[in-house]
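Structure first, commentary second.
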Amino acid sequence: MDKIASRYSDEELESFKTLISEKIESAEKDIEVLRNNIGADNGTDDTYSAFKAFEEGSETLSKESNTMLITRQEKFIRDLKNALIRIENRTYGICRITGKLIQKERLKLVPHATMSIEAKQMQSKR
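Residue numbers (numbering that gives the first Met the number 0): 0 to 125.
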């Protein structure tokens, strides 16, 4: 009779910790690029006034878009940092609904996941 694992091993948790840390670093770099783009000037000082007005409207839209992307990345980083806390507590990878282990493949794709596919499907049927 096979024993069902109740949590991931310390070695497995360490590999997830590395993956998550890399994703945090990448997301922080993305935020830096987006923030730099918000402050960038497109140099339309000497261009035709109608084009300049169009550029300013486009620039505003771009800034709003970048701000939304920054907000999403900040939430992603927060979720990843919460996953690191779960690793430290040795509760990482345990579905908060079913209490079963979340599949490794899912955690590699969505390392901040707190629900198994089974739980997500149950939730969407409601």
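Glycine included, each C-beta is placed from N, C-alpha and C at the ideal position.
On a predicted model such as this, the values are computed, not experimentally measured, just so you know.
Residue state for Ile93 is assigned as strand, using DSSP reduced to three classes.
In the DSSP assignment, the residues bridged to Leu100 are Ile93. Leaving aside the five residues that flank Leu83 on each side, the residues in its chain whose CB is nearer than 7 Å to its CB run, in chain order, Lys16 and Ile19. The DSSP-derived three-state label of Lys124 is coil. With a threshold of 16 other beta carbon atoms within 10 Å, Leu108 falls short and is exposed. Ranked by Cα distance from Asp29, the first of Ile86, Leu106, Asp78 and Thr70 is Thr70. For Val32, the secondary structure class from DSSP, reduced to helix, strand or coil, is helix.
In this structure, Ser123 and Gln102 do not form a Cβ contact; the two beta carbons are roughly 17 Å apart against a cut-off of 8 Å. Setting aside the 5 residues that flank it on each side, Ile37 is surrounded in the same chain by Lys62 and Asn65, each with a C-beta closer than 6 Å to its C-beta; the list follows chain order.
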